[in-house]
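Enquirer:
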């Protein structure tokens with residue numbers, strides 16, 4: 028199982044700033060993730076919360092029972108050391124996902140407390156980024172770099 032964890036305001040996906048985040052709803056996104064995981068014979072556990080403590084509790088709950096974590100921490104990406112500290116306890120790869128290109132947005136969005144502990148970061152690919160993260164986990168690319176040949180190699 029792969030955990031798909033979404034942070035604050037993602038419950039408004041499709042309604043909040045559609046010019047940035049698109050028109051797809053969170054429910055649509057969860058269905059896409061389910062279909063993508065099924066390609067690998069895997070399942071997903073999709074969750075969303077606007078409460079940081081709840082997210083940390085979920086990470087603690089899932090830290091030893093998942094094949095990987097795909098997380099869009101939303102605004103917590105740029106503010107939460109506590110979330111970072113919880114993520115380092117996860118025994119599987121963690122992929123940080125952002126729907127928008129956070130590096131092309133406001134300066135405060137350019138820093139992530141989570142990237143340094145992530146096996147990979149996907150930003151600016153829209154909701155396709157979640158599917159790509161599932162691919163990374165299922166294909167075993169997490170924690171590897173891709174060389175000139177396009178084949179993964181150990182870090």
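Numbering (our numbering), first residue to last: 28 to 182. Backbone N, C-alpha and C define an ideal beta-carbon position, used for all residues, glycine too.
Excluding the 5 residues preceding and the 5 following residue 57 in the sequence, name in chain order all residues of the same chain whose CB lies nearer than 6 Å to its CB.
Expert: Only 73 meet the Cβ criterion.
Enquirer: Decide if residue 121 is buried, meaning its Cβ has at least 16 other Cβ atoms within 10 Å, or exposed.
Expert: It counts as buried.
Enquirer: Can residue 28 and residue 94 be called in contact, C-beta distance under 8 Å?
Expert: Yes. Within cutoff.
Enquirer: Count the other CB atoms, across all protein chains shown, that sit within 10 Å of the CB of residue 47; report buried if there are 16 or more and exposed otherwise.
Expert: Per the 10 Å Cβ criterion, exposed.
Enquirer: Apart from the five residues just before and just after residue 90, which ones in its own chain have a Cβ nearer than 7 Å to its Cβ?
Expert: Excluding residues within five positions, the ones whose Cβ falls inside 7 Å are 116, 117, 118.
Enquirer: Helix, strand or coil for residue 123, going by three-state DSSP, please let me know.
Expert: In the structure shown, residue 123 sits in a strand (DSSP, three-state: E or B).
Enquirer: Return helix, strand or coil for residue 75, following the three-state DSSP convention.
Expert: Residue state, collapsed to three classes: strand.
Enquirer: In terms of residue numbering, what span does the beta strand (DSSP E) encompassing residue 183 cover?
Expert: It is not possible to answer for residue 183, since the shown part of the chain is limited to 28 through 182.
Enquirer: What are the start and end residues of the beta strand (DSSP E) that includes residue 32?
Expert: Here the beta strand (DSSP E) through residue 32 covers 29-33.
Enquirer: Taking the C-alpha atoms as reference points, what is the distance between residue 92 and residue 157?
Expert: So the two alpha carbons sit approximately 20 Å from each other.
Enquirer: To the nearest angstrom, report how far apart residue 32 and residue 134 are at their CA atoms.
Expert: Computed Cα separation, rounded: 24 Å.
Enquirer: Does residue 125 pass the burial test, meaning 16 or more other C-beta atoms within 10 Å, or should it be called exposed?
Expert: Residue 125 should be labelled buried.
Enquirer: How should residue 123 be labelled, buried or exposed, when 16 other C-beta atoms within 10 angstroms of its C-beta is the threshold for buried?
Expert: The residue in question, residue 123, is buried, as its Cβ has 16 or more Cβ neighbours within 10 Å.
Enquirer: Across which residues does DSSP place residue 150 in a beta bridge pair?
Expert: Looking at the DSSP assignment, residue 150 forms a beta bridge with 125.
Enquirer: Assuming contact is defined by CB atoms lying nearer than 8 Å, are residue 99 and residue 147 in contact in what I supplied?
Expert: Taking 8 Å as the Cβ cut-off, residue 99 and residue 147 do not qualify as a contacting pair.
Enquirer: Using only CA atoms, which one of 107, 111, 102, 38 lies nearest to residue 132?
Expert: Answer by Cα proximity: 102.
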